[in-house]
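2 protein chains.
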Amino acid sequence: MRVLGVDPGLTRCGIGVVEGTTGRPLRMVAVGVVRTDAGSATAGRLVLIERGIEEWLDAHRPEAVAVERVFSQHNVRTVMGTAQASAVAMLCAARRGLPVALHTPSEVKAAVTGSGRADKAQVGAMVTRLLRLAAPPRPADAADALALAICHIWRAPAHNRLEQAHAAAAGRGAVRPSKDSST
Amino acid sequence: MRVLGVDPGLTRCGIGVVEGTTGRPLRMVAVGVVRTDAGSATAGRLVLIERGIEEWLDAHRPEAVAVERVFSQHNVRTVMGTAQASAVAMLCAARRGLPVALHTPSEVKAAVTGSGRADKAQVGAMVTRLLRLAAPPRPADAADALALAICHIWRAPAHNRLEQAHAAAAGRGAVRPSKDSST
């Protein structure tokens, strides 16, 4: 499974592509950052982010896109830009028919470090180890995008079973997952 | 001057097109709402909003797009969706090279009613009067989109003079507008 992770931001939008399946070693395909000028108008910055993400999707053809779920309790000044950049990432993926998953920062931290409260350095160190890199990816946004992709690869099987359970339950007119839903 | 106003939202994205210049009667070209299902995934909803806005831009060929500026001090649950829908509107406009202007809700209210604290009914009543409509446009999101377009038409001359002043000042290595900047 090849996943493109996006750590959304207007100034630095981290992008990382990881390949792998649960229980097998992961492989980093590519990592980088789409940058836009903080002094420019938002509308133009969104166009540059769209162009950047499209290039990454064209170049690496992921099967799924994982985007950080933005919460509004964060820094009020930056959260709007983060929400807007995440909208562009979701739009680019969904327009191509790619499945889009949102993971919260604590889900991502818990997936790669075992703790939902891990700091940036810890996430960077684990991403480096899990992908067998020579050094932590820089900037931190790039490392976070890889962590998102890893989180998605590891969470996807459980996530898919849950979706199937809901679909099966909906098909039967019920809403609770049943025992046979993971088959 | 023909302006397309967007009152951004994931469930109801109000769109209104108004034609006119300062000091002349305004004319409503079209008004409506792009709706998406609140039960669907955000990524797919953003694709539908993009498609809807593109259709409006194709059909009405505005010279500028005015979008409500989203503040994060609003309702925490809806603000993220509003920010994401506004990103799609800005993206669609900027991709076509159209100028994008952001106006705050109080700027819009002040432009059409004279008071930045006017309520929905007052805005609806003034939009109806200014555009000589038989009844206030429904839903309120549609009326707000028209109000945004009106606000932009009336603010644009001042806004353009300010931009020119800044450009002129920047060209001289100064940052303050000078007396000849509006010529």
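Residue numbers (this note's numbering), protein chains in the order written: chain P, 265 to 447; chain H, 265 to 447.
Where a beta carbon is used, it is the ideal one built from N, C-alpha and C, also for glycine.
#1: Check each candidate in P:Arg402, P:Pro401 and P:Met265 and name the one with the smallest Cα separation from Ala330 (chain P).
#2: Since Asp271 (chain H) sits in a beta bridge, which residues does DSSP pair it with?
#3: By the three-class DSSP mapping on this structure, what secondary structure does Leu362 (chain P) have?
#4: Suppose the cutoff is 8 Å on Cβ atoms and the five residues either side in sequence are ignored; what does the same chain contact list for Gly273 (chain P) look like?
#5: According to DSSP, is Val331 (chain P) helix, strand or coil?
#6: Enumerate in chain order the residues of its own chain whose CB-to-CB distance from Thr392 (chain P) is below 7 Å, with the five nearest sequence positions on each side excluded.
#7: By alpha-carbon positions, which one of P:Ala382, P:Arg381, P:Ala413 and P:Ala305 ends up nearest to Arg333 (chain H)?
#8: Alpha carbon to alpha carbon, how far is Val372 (chain P) from Leu395 (chain P)?
#9: So, do the segment 352-363 of chain H and the segment 288-295 of chain H have three or more beta carbon pairs nearer to each other than 8 Å?
#10: Per DSSP, what are the beta-bridge partners of Val298 (chain P) in this structure?
#11: For the alpha helix (DSSP H) holding Thr392 (chain H), just list the boundary residues, first then last.
#12: For Gly269 (chain H), is the classification buried or exposed, using 16 other Cβ atoms within 10 angstroms of its Cβ as the cut-off for buried?
#13: Please determine, among P:Ala307, P:Thr300 and P:Ser379, the residue with the shortest C-alpha to C-alpha distance to Cys415 (chain P).
#14: Of the residues P:Ala420, P:Ala413 and P:Phe335, which one's Cα is nearest the Cα of Gly278 (chain P)?
#15: Please classify Pro369 (chain H) as buried or exposed, where buried requires at least 16 neighbouring CB atoms within 10 angstroms.
#16: Given a threshold of 16 other Cβ atoms within 10 Å of its Cβ, counted over all protein chains shown, does Arg419 (chain P) qualify as buried or as exposed?
#17: With 16 as the cutoff for other CB atoms within 10 Å, does Ser442 (chain P) come out buried or exposed?
#18: What number of angstroms, rounded off, separates the C-alpha of Val267 (chain H) from the C-alpha of Gly388 (chain H)?
#19: Can you round the beta-carbon distance between Arg325 (chain P) and Arg299 (chain P) to whole angstroms, since I take them to be within the 8 Å contact cut?
#20: Using the Cα positions of Gly308 (chain H) and Ile317 (chain H), report the straight-line distance between them to the nearest angstrom.
#21: So which residues on chain H does Gly380 (chain P) lean against when the C-beta distance must stay under 9 Å?
#22: Give a yes or no on whether 8 Å exceeds the smallest Cβ distance from Leu310 (chain P) to chain H.
#23: Is Thr306 (chain H) close to chain P? Criterion is C-beta to C-beta, closer than 8 Å.
#24: Nearest-angstrom Cα distance between Leu321 (chain H) and Leu312 (chain P)?
#25: What are the partner residues of Gly318 (chain P), as DSSP defines its beta bridges?
In short, the structure shows the following:
#1: Counting from one through the first sequence, the residue named residue 330 (chain P) turns up at place 66. The candidate whose alpha carbon is nearest that of Ala330 (chain P) is P:Met265.
#2: Taking the first residue of the second sequence as position 1, residue 271 (chain H) is located at position 7. According to DSSP, which records beta bridges pairwise, Asp271 (chain H) is partnered with H:Gly278.
#3: Position 98 of the first sequence, counted from the start, is the residue given in the question as residue 362 (chain P). The answer is coil: DSSP assigns Leu362 (chain P) none of H, G, I, E or B.
#4: For this step, residue 273 (chain P) is matched to residue 9 along the first sequence. Excluding positions up to five away in sequence, the list reads Thr342, Gly345, Thr346, Ala349 and Asp405.
#5: To locate residue 331 (chain P), count along the first sequence from 1; it is residue 67. Note: Val331 (chain P) maps to strand in three-state DSSP.
#6: For this step, residue 392 (chain P) is matched to residue 128 along the first sequence. Residues of the same chain with a CB within less than 7 Å of the CB of Thr392 (chain P), apart from the 5 flanking positions on each side, are Ala399 and Pro400 in chain order.
#7: The sequence position of residue 333 (chain H) within the second sequence is 69, counting from 1. Closest option to Arg333 (chain H), Cα to Cα, is P:Ala305.
#8: By one-based count along the first sequence, residue 372 (chain P) stands at place 108. By one-based count along the first sequence, residue 395 (chain P) stands at place 131. Spanning the two alpha carbons is a distance of roughly 15 Å.
#9: no
#10: Residue numbering aside, residue 298 (chain P) sits at position 34 when the first sequence is read from its first letter. P:Cys277.
#11: What you label residue 392 (chain H) is simply residue 128 of the second sequence in a count that begins at 1. It spans Lys384 to Leu394 - the alpha helix (DSSP H) in which Thr392 (chain H) sits, taken as one unbroken run.
#12: Mapped onto the second sequence, residue 269 (chain H) falls at position 5. Per the 10 Å Cβ criterion, buried.
#13: Here residue 415 (chain P) corresponds to residue number 151 of the first sequence, with the count starting at 1. Among P:Ala307, P:Thr300 and P:Ser379, the Cα nearest to that of Cys415 (chain P) is on P:Ser379.
#14: Here residue 278 (chain P) is taken as the residue at index 14 of the first sequence, counted from 1. Ranking P:Ala420, P:Ala413 and P:Phe335 by Cα distance to Gly278 (chain P) puts P:Ala413 first.
#15: Stepping through the second sequence from its first residue, residue 369 (chain H) is reached at position 105. The residue in question, Pro369 (chain H), is buried, as its Cβ has 16 or more Cβ neighbours within 10 Å.
#16: Sequence index remark: in the first sequence, residue 419 (chain P) carries index 155 (1-based). With 16 or more other Cβ atoms within 10 Å, it is buried.
#17: The sequence position of residue 442 (chain P) within the first sequence is 178, counting from 1. With a pLDDT of only 33 at Ser442 (chain P), under the threshold of 50, the placement of this residue in the model should not be trusted, and no figure is reported.
#18: Within the second sequence, residue 267 (chain H) is the residue found at index 3, counting from 1. Within the second sequence, residue 388 (chain H) is the residue found at index 124, counting from 1. Computed Cα separation, rounded: 18 Å.
#19: Residue 325 (chain P) sits at position 61 when you count from the first residue of the first sequence. Residue 299 (chain P) sits at position 35 when you count from the first residue of the first sequence. 23 Å between Cβ atoms; not a contact.
#20: Taking the first residue of the second sequence as position 1, residue 308 (chain H) is located at position 44. Taking the first residue of the second sequence as position 1, residue 317 (chain H) is located at position 53. Here the alpha carbon of Gly308 (chain H) sits roughly 14 Å from the alpha carbon of Ile317 (chain H).
#21: Sequence index remark: in the first sequence, residue 380 (chain P) carries index 116 (1-based). Within chain H, no residue comes near Gly380 (chain P); the closest Cβ sits about 21 Å away, beyond 9 Å.
#22: Taking the first residue of the first sequence as position 1, residue 310 (chain P) is located at position 46. So yes, Leu310 (chain P) belongs to the interface.
#23: In the second sequence, counting from the first residue as 1, residue 306 (chain H) sits at position 42. For Thr306 (chain H), the answer is yes, since a Cβ of chain P falls inside 8 Å of its Cβ.
#24: Along the second sequence, read from residue 1 onward, the residue named residue 321 (chain H) stands at position 57. Along the first sequence, read from residue 1 onward, the residue named residue 312 (chain P) stands at position 48. Spanning the two alpha carbons is a distance of roughly 20 Å.
#25: Position 54 of the first sequence holds residue 318 (chain P). First, the amino acid is wrong: residue 318 (chain P) is Glu here, not Gly. The partner list for Glu318 (chain P) (beta bridge, DSSP) is empty, contrary to what the question assumes.
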